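Here the structure comes first, spelled out in structure tokens, and everything after it is commentary.
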Amino acid sequence: MRPKEFDEDAVADAAMRVFWRRGYAATSIQDLVDGTGLSRSSLYNAFDSKHGLYLLALKRYGEVGAANAARLMAPEPLRERLRALLMRVVEDELREQAGPGCLAANAALEAAGRDAAVDAALAEHFRQLEAALLQTLTEARDAGELPAAREPQALARFLMCTIQGLRVLGKGTARQDREARLNDVVEVALSCLA
1 MRPKEFDEDA VADAAMRVFW RRGYAATSIQ DLVDGTGLSR SSLYNAFDSK
51 HGLYLLALKR YGEVGAANAA RLMAPEPLRE RLRALLMRVV EDELREQAGP
101 GCLAANAALE AAGRDAAVDA ALAEHFRQLE AALLQTLTEA RDAGELPAAR
151 EPQALARFLM CTIQGLRVLG KGTARQDREA RLNDVVEVAL SCLA
């Protein structure tokens with residue numbers, strides 16, 4: 001057997017971008033060949049199937065998401081860190097060339113509940129974000145930035161729903177109304193910290 005002649009991380013990134021743009025069902029093997037630069041046989045030999053490559057892409061997206069969640073550990077006050085996180089989502093949704101949204105949310109809408117391996121990958125992705133939010137909120141409550149009566153676990157879950165809701169609302173709102181609606185959601189979410 002010849003050794004792999006490609007960078008698996010680069011292939012995972014390329015496949016992630018293809019699946020992110022097109023979704024799992026609409027992505028063909030030819031799309032993956034075109035997107036990764038690998039031949040069909042190399043894709044099958046290295047990843048067994050389109051599904052195997054999809055799981056790798058979801059795992060890679062989880063690593064990207066973990067890096068974003070780590071930004072919650074910045075030294076700014078809690079409200080500023082959370083505003084920055086939420087506004088990154090809003091900015092994505094306001095771009096002239098709207099992006100494909102959140103790959104995890106897209107996967108949840110497309111395949112969750114029908115594919116145990118996808119469900120497990122998504123659960124891990126959402127667990128990482130929830131854990132980062134929980135840690136941030138718990139530390140803020142302990143430091144007096146968050147009222148003692150506020151439950152960090154419930155707030156972390158609420159903020160996760162807010163993030164995903166911003167993505168869906170951004171995709172489903174007319175451009176002329178989008179910014180005002182998304183900003184309203186951010187302000188109401190931040191008001192829950194008081």
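Numbering (UniProt numbering), first residue to last: 1 to 194. Idealized CB from N, CA, C, for every residue including glycine. Remember, predicted model here, so these are calculated numbers, not experimental data.
Residue state for alanine 70 is assigned as helix, using DSSP reduced to three classes.
With fewer than 16 neighbouring CB atoms inside 10 Å of its own CB, isoleucine 29 falls in the exposed class. Residue range 152 to 172 is occupied by the alpha helix (DSSP H) that includes glycine 165. Between the C-alpha atoms of alanine 121 and leucine 137 there is a straight-line separation of about 24 Å.
Excluding residues up to 5 positions away in sequence, Ala104, His125, Gln128 and Leu129 lie with their Cβ nearer than 8 Å to the Cβ of glycine 65 in the same chain. By the C-beta criterion, the stretch 53 to 67 is judged to be in contact with the stretch 5 to 18, since at least 3 inter-stretch pairs fall below 8 Å. Between valine 186 and leucine 86 a beta carbon distance of about 5 Å is seen, short of the 8 Å cut, so the two are scored as contacting.
Phenylalanine 6 sits in coil when the DSSP states are folded into three classes, being neither helix nor strand. With the rule of 3 Cβ pairs closer than 8 Å, the stretch 39 to 46 does not count as touching the stretch 64 to 81.
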